[in-house]
Each structure stands twice: as C-alpha cells, then as structure tokens.
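Numbers 217 to 334, taken from this note's numbering, label the letters of the sequence shown in order.
The structure appears below as structure tokens.
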Amino acid sequence: QVQLVESGGGLVQAGGSLRLTCAASGGTFSYYTMEWFRQRPGKEREFVAQISRNGVTVYADSVKGRFTISGDNIKNSGYLQMNSLKPEDTAVYYCAVRLVPRPKPDYWGQGTQVTVSS
217 QVQLVESGGG LVQAGGSLRL TCAASGGTFS YYTMEWFRQR PGKEREFVAQ ISRNGVTVYA
277 DSVKGRFTIS GDNIKNSGYL QMNSLKPEDT AVYYCAVRLV PRPKPDYWGQ GTQVTVSS
C-alpha cells in the first residue's frame, strides 16, 4: 500500500517562498505521474501541477511562472517549489500519484497547510 506524506507547509509573507515535499513509501514503484492539488478555503480541490515519469510538466495558469514541480523517481519523492507567493495561494496542498494512466490519482497524501499573509 503506497503512502504519501507531504511536508514543508507553513506560514509565509506574500512574496516569499516555500518548498513542499511529497515522500512516498510502501514499496517500490514507478509513478506514471505525480501531481499537486490544493484546496483553498471555501473552494473545491483544484489542480496545481503535474510531472510525468519522463519529466514532462504541466501547470495551472494561476501558478505558471511561480511554481516549479520536480520529481525523483529513485526516491519516489516529489517537490513543489513555490515562489512569489500570494495570499490567494493559501490552501491545503495535497500530493497524489497515478501508477498507470487513469482519470484519477491512485493515492493521495493527507495534505499540508500553506498560509500566505498579506
């Protein structure tokens, strides 16, 4: 059973940076994609960024140019570098993995809170 644990969240001032980490455990696997989602207060969970096994990245328009996703296939870890943070980036951030191509991720982490003060 794959388990994902996010870390690196916290409180930061607008314009600051945070780096989130997603650590996977529970066996040896190679993800098809690793993704980050977020849920802002009063909003539905939304897509933030994705990296595929071969390194192709996709970003939501709202974070493009500010956030960078990366992954480590050997360590089964993923990272989300968040720069130029804005108060509207305040959310619980979740990582997720798909082991094979399918509409929804196979596994989710428990989330980490990111709060950006103005």
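Ideal Cβ positions, reconstructed from N, Cα and C, are used throughout, including at glycine.
- Spanning the alpha carbons of Pro257 and Thr306 requires a straight line of approximately 8 Å.
- Glu304 carries a helical assignment under DSSP once its states are collapsed to helix, strand and coil.
- Taking all protein chains in view, the Cβ of Val264 is crowded by 16 or more other Cβ atoms within 10 Å, so the residue is classified as buried.
- Non-local C-beta neighbours of Leu227 in its own chain, meaning closer than 7 Å and more than five positions away in sequence, comprise Thr331 and Ser333, ordered along the chain.
- No residue range can be given for Leu315, since it is assigned to no beta strand (DSSP E) and is classified by DSSP as neither H nor E.
- Exposed is the label assigned to Glu262, since fewer than 16 other Cβ atoms lie within 10 Å of its Cβ.
- The three-state reading of DSSP puts Phe253 in strand, counting E and B together.
- Per DSSP, the beta bridge partners of Glu222 are Cys238.
- Cβ contact annotation for Pro303 (same chain, cutoff 8 Å, sequence separation greater than five): Ala230, Val332, Ser333 and Ser334, in chain order.
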